[in-house]
Structures are given as structure tokens and as C-alpha cells.
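S.K.: Encoded as C-alpha cells, here's the structure I'll be asking about.
Residue numbers (UniProt numbering): 1 to 189.
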């Protein structure tokens with residue numbers, strides 16, 4: 001029997017830079033109209049810093065360091081038998097360094113009733129094709145999707161930060177508690 005980590009793809013993408021300009025171009029190029037939503041930096045959670053963020057806020061992605069503790073918790077949760085809530089769009093992350101893209105997919109996948117995607121666009125087809133799949137099937141669908149792999153690669157090389165190592169020690173999670181490396185949703189302590 002293999003664990004989810006052993007089943008995870010050996011495929012690794014370059015990490016996306018946490019740069020709103022890069023991420024916006026990525027989203028807009030795949031079917032999120034620019035007038036529907038865009039990304040901004042959040043410099044902190046203090047009230048005065050949050051006032052700088054344009055409203056309304058429809059999703060938040062957090063970038064956090066991977067530590068021994070977070071990995072221990074993730075591995076412990078891998079062994080838990082959990083039911084998935086079909087009303088929450090969630091997918092497992094099986095492609096290395098894809099956490100930025102997975103976080104964005106979690107955000108958009110849970111907002112399809114609030115944001116209008118371009119009909120026939122990548123995102124429109126992706127969410128329609130994966131709506132009835134479970135989290136691992138969605139992961140496999142993404143893993144085998146060449147269009148997303150190319151779009152991710154273009155976005156990952158468009159930023160200002162020099163890429164020096166494909167093994168990042170940071171993870172992005174979507175505010176609706178959808179960390180794709182975990183078995184299901186979880187609470188941050």
C-alpha cells in the first residue's frame with residue numbers, strides 16, 4: 001500500500017513568485033476577467049494595514065514557512081479518515097511547488113458563483129471538468145494538464161525574484177482552509 005506522499009507525482013514546477021502583478025497576469029490569461037477580481041499584497045493583519053487592501057476581499061492566500069511541526073501535523077492528518085465536503089472545492093497537491101497555483105484554484109473554485117469566468121477559458125473548462133471529481137482525481141487532472149503546466153511555467157519565470165532552488169520551504173494556503181498538501185481542510189493554530 002502506498003501513502004499519498006508516495007503516490008504524489010515526481011513532477012515539480014518552479015514556484016510562483018508572491019507578486020500580485022505576476023499572479024494577476026496568470027489569472028487573467030487563464031480566464032478570470034480583470035474587472036472581476038485582482039490580487040493585492042497584504043502587508044500585515046493590523047487594522048491600519050488591512051485598510052490599505054481594496055474592498056471587497058473575496059479570498060486571501062497566506063504564504064507560510066514549512067517547519068518540522070507543520071510537516072508532522074500534515075503527516076498525522078494523512079492517516080485520518082475524513083469525509084470531504086462536496087460544497088467546498090478542494091484538491092490535493094501532488095505536483096511539487098504548485099502550492100501557489102493550488103491556492104488560486106481553491107480560491108476560484110469556491111467563488112465560481114461570485115466571479116464570472118470567461119466562457120470557454122481554461123478556468124471555465126477546468127472547473128466544469130473537475131466539479132464532480134474527488135480531491136485526488138482533481139489533482140491527477142491538474143497534474144496531466146499541459147496547458148496549466150505551461151501557464152504556470154510562464155508565470156513562474158515572469159517575476160523579479162531569481163530562482164535558485166526548486167525545493168522551496170514555503171507553502172501558500174487559501175483562506176478557506178484549503179492547503180493542497182493536506183488530506184482535507186484544517187485549522188491553523
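We put the CB at the ideal spot given by N, CA and C, even for glycine. All of these numbers come straight from a predicted model, not from anything done at the bench.
Assuming residue 108 and residue 32 form a contact by the criterion Cβ under 8 Å, report the distance between their Cβ atoms to the nearest whole angstrom.
M.R.: Between residue 32 and residue 108 the Cβ distance is about 7 Å, and since that is below 8 Å, they are a contact.
S.K.: Residue 41: which of 11, 70, 34 and 24 sits nearest, CA to CA?
M.R.: For the residues 11, 70, 34 and 24, the minimum Cα distance to residue 41 belongs to 24.
S.K.: For the segment 52-101, which segments carrying the alpha helix (DSSP H) assignment without a break, of at least 4 residues, lie completely within its bounds, in sequence order?
M.R.: DSSP runs (the alpha helix (DSSP H)) wholly in the segment 52-101: 68-78.
S.K.: How is the alpha helix (DSSP H) around residue 28 delimited, first residue to last?
M.R.: 20-29 is the extent of the alpha helix (DSSP H) around residue 28.
S.K.: Tell me the DSSP bridge mates of residue 12?
M.R.: In DSSP, residue 12 forms a bridge with 96.
S.K.: Reducing DSSP to helix, strand and coil, say where residue 124 ends up.
M.R.: Of the three classes helix, strand and coil, the one that applies to residue 124 here is helix, per DSSP.
S.K.: Count the other CB atoms, across all protein chains shown, that sit within 10 Å of the CB of residue 139; report buried if there are 16 or more and exposed otherwise.
M.R.: It counts as buried.
S.K.: I need the straight-line Cα distance from residue 63 to residue 119, nearest angstrom please.
M.R.: Approximately 30 Å, taken between the alpha carbons.
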